[in-house]
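Input: a single structure, listed below in structure tokens.
Residue numbers (this note's numbering): 59 to 208.
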């Protein structure tokens, strides 16, 4: 009866991998790792290029919105601007393609501590005095802002 039991089971022999096979497998990892690294680097560079193209269009104009009007000023011309808000005068400076709020009639004056803005879709807000500065990128690279007609 014992012979019948042994004949029903098949012996499975597990072999250990050969050292040469292991070395060949490891040698194939480095080119794959190098290719993966190059693909990752290419993706990072593509993301940076798209980001720069999207956010670096600072050659547009500054749009100043107050509680009663909207004004547009070219960033290429240095100038000082005074706009009226509900609390009083807000003093804005455009210099070297950047705009910032220098002084405002608001109580906290937190808008004066903001860094200058110059890239498309960047903004500074003085909420108590209801003044919003926004840099608008050009829809056409040859478009110019007419300072007289606004």
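No residue lacks a Cβ here, since even glycine has one placed at the ideal position from N, Cα and C.
Bear in mind that the values here come from a model prediction, so they are computed numbers and not experimental data.
1) Please list the segments of the beta strand (DSSP E) lying wholly inside the segment 92–162, counting only runs of 3 or more residues, in order along the chain.
2) Assign residue 101 to buried or exposed, taking buried as 16 or more other Cβ atoms, counted over all protein chains shown, within 10 Å of its Cβ.
3) How about residue 179 and residue 160: are their beta carbons less than 9 angstroms apart?
4) For a quick check, are the C-beta atoms of residue 192 and residue 120 less than 9 angstroms apart?
5) Residue range of the beta strand (DSSP E) that residue 182 falls in?
6) Do residue 182 and residue 169 have their CB atoms nearer than 9 angstroms?
7) Please go through the same chain and pick out, in chain order, the residues whose beta-carbon is closer than 8 angstroms to the beta-carbon of residue 116, but skip the five residues on each side of it.
8) Find the nearest neighbour of residue 187 within the set 143, 158 and 165, judged by alpha-carbon distance.
9) In the structure shown, what three-state DSSP assignment does residue 90 receive?
10) Could you pull out every residue in the same chain whose Cβ sits closer than 8 angstroms to the Cβ of residue 149, ignoring the five residues on either side in sequence?
11) Quick check on residue 177: does DSSP put it in helix, strand or coil?
A quick look at the data gives this:
1) 119–123, 128–132, 137–142, 147–153 and 156–161
2) Along the chain shown, read from residue 1 onward, the residue named residue 101 stands at position 43. Label assigned to residue 101: exposed.
3) Position 121 of the chain shown, counted from the start, is the residue given in the question as residue 179. Position 102 of the chain shown, counted from the start, is the residue given in the question as residue 160. No, Cβ-Cβ distance for residue 179 and residue 160 is not below 9 angstroms.
4) On the chain shown, residue 192 is found 134 positions in, with the first residue counted as 1. On the chain shown, residue 120 is found 62 positions in, with the first residue counted as 1. For residue 192 and residue 120, yes; Cβs fall inside 9 angstroms.
5) The sequence position of residue 182 within the chain shown is 124, counting from 1. Per DSSP, residue 182 belongs to the beta strand (DSSP E) from 181–184.
6) Taking the chain shown and counting its residues from 1, the one referred to as residue 182 is at position 124. Taking the chain shown and counting its residues from 1, the one referred to as residue 169 is at position 111. For residue 182 and residue 169, yes; Cβs fall inside 9 angstroms.
7) Position 58 of the chain shown, counting from 1, holds the residue named residue 116. Only weak support is given to the placement of residue 116: the predicted model assigns it a pLDDT of 47, under 50, and the question is left unresolved by the model.
8) Counting from one through the chain shown, the residue named residue 187 turns up at place 129. The residue with the shortest Cα to Cα distance from residue 187 is 143.
9) On the chain shown, residue 90 is found 32 positions in, with the first residue counted as 1. Three-state DSSP puts residue 90 in a helix.
10) For the purposes of this step, residue 149 is taken as the residue at position 91 of the chain shown. Once the five neighbours on either side are set aside, the close Cβ partners of residue 149 are 138, 139, 140, 159, 160, 161 and 162.
11) As a working mapping, residue 177 is identified with position 119 in the chain shown. Correct three-state label for residue 177: coil.
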